[in-house]
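Reading through the structure tokens given below for one structure.
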Amino acid sequence: MKKAIVCLLLAFLLLFSCTALGEEAPVAEIIVEDTLVSNPLPIDFTGGYAPQADGYKSETVYEDPTIRVSIEYKDAAPYVTGYRGRDAGYWVVDIQVGDASQLRTAPAVSFDTKNDDEIANIAERVNAVVAFNGDSPSYNSEGLIIRQGITYRNKLKEKRDMLLIDEDGDFHVYHLPKKDTLSDTVDGKQVINAFYFGPILVEDGQPLKKLPSFAHLDPEKYYARIAICQIGKLHYKMILTTMEQSYTLGLPLKDFARLCADEGAQIAFNLDGGLSTSLYFNHQRVNSQNKVNFRLIPDIIYFASAWNGEGQE
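With the first letter of the sequence shown counted as 1, position 210 gets the number 216 in the working numbering; the numbers rise by one all the way through.
Below, the structure written as structure tokens:
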């Protein structure tokens, strides 16, 4: 204890003497190694490595050398503009990965058939660290649908917005693209996954200002909603409004967009919400334990570990 006090006094005297002489006080430089390991996964439907048992640091945190996931539940009251949404809350799932291939998609059965399943079954099959519902591509006949590098459909009709995710894990959004204006490459890079539900909620960090007229959205209603967001390089957030009691305890689209922007989204894209809204983590559904309150889904977006626990190089 005495030694610690002496060291503290010496440090204070050094700081005082430097300041008195008009010199800048020395600053201790702390270097923290905080880089996730990059271990690319194959661009296919085989899934990732099984999450490490000791990677679950708590009920809301997972971490291994290739991925970090944290989940937080927040009060949505600051974003509620109407009476019906007064009890709404939302989840923010913060995800950082070491390689773009860890952001992945998987179908219940196939992306070109109408087959649904519980999110648990799909997520466990592909060893998802965390999983969410996707945009239900098998339930429409339009759009550019690319999953894990495979193009299943290219039938753009200037009806909905598009999100393309390239091989580096970066997001690209397009407003009501016309036929034959998009393909399986963007800026010379391969598109790994492309989503056609929308709309674009946040672009260049700014929330949408005008509500779209897409019939499938019910943009002014208080529905459960879900968005996939890019925060930075290999840094993402999935944001979901609550559906603990009812799928109507959510937010109107414009309020949801503002929420996503305030959470740091540079780009945010709306996915299939309502009763499909799903968050699965640590072998359980997080956003609703009551099976009456959700439906089976045809596809998921998930983030996988690229660590086999054996010290890959």
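Ideal Cβ placement from N, Cα and C applies to all residues, glycine included.
Rounded to whole angstroms, the separation of the alpha carbons of residue 282 and residue 119 is 18 Å. Three or more beta-carbon pairs drawn from the stretch 263–278 and the stretch 213–229 are found closer than 8 Å, and the two stretches are therefore classed as touching. Within the same chain, and ignoring the five residues on either side of residue 125 in sequence, the residues whose Cβ sits closer than 7 Å to its Cβ are 137, 139, 284, 286, 291, 303, 306.
Within the same chain, 167, 206 come within 7 Å of residue 181 by CB-CB distance, once the 5 residues on both sides are set aside. DSSP places residue 288 outside both helix and strand once states are collapsed to three, so it counts as coil. Under the three-pair Cβ rule at 8 Å, the stretch 104–124 does not count as touching the stretch 183–196. The shortest CA-to-CA distance from residue 315 to any of 49, 41, 59 is the one to 59. With distances taken between CA atoms, residue 130 lies nearest to 51 out of 259, 238, 51. Closest in alpha carbon position to residue 155, among 189, 149, 164, is 189. When DSSP assignments are scanned along the stretch 92–136, the uninterrupted stretches of beta strand (DSSP E) that are 3 or more residues long and fall wholly within it turn out to be 95–103, 109–113. Per DSSP, the continuous alpha helix (DSSP H) segment holding residue 261 begins and ends at 259–268.
The residue among 57, 98, 313, 270 with its C-alpha nearest the C-alpha of residue 289 is 57. By DSSP's assignment, residue 157 forms a beta bridge with 152.
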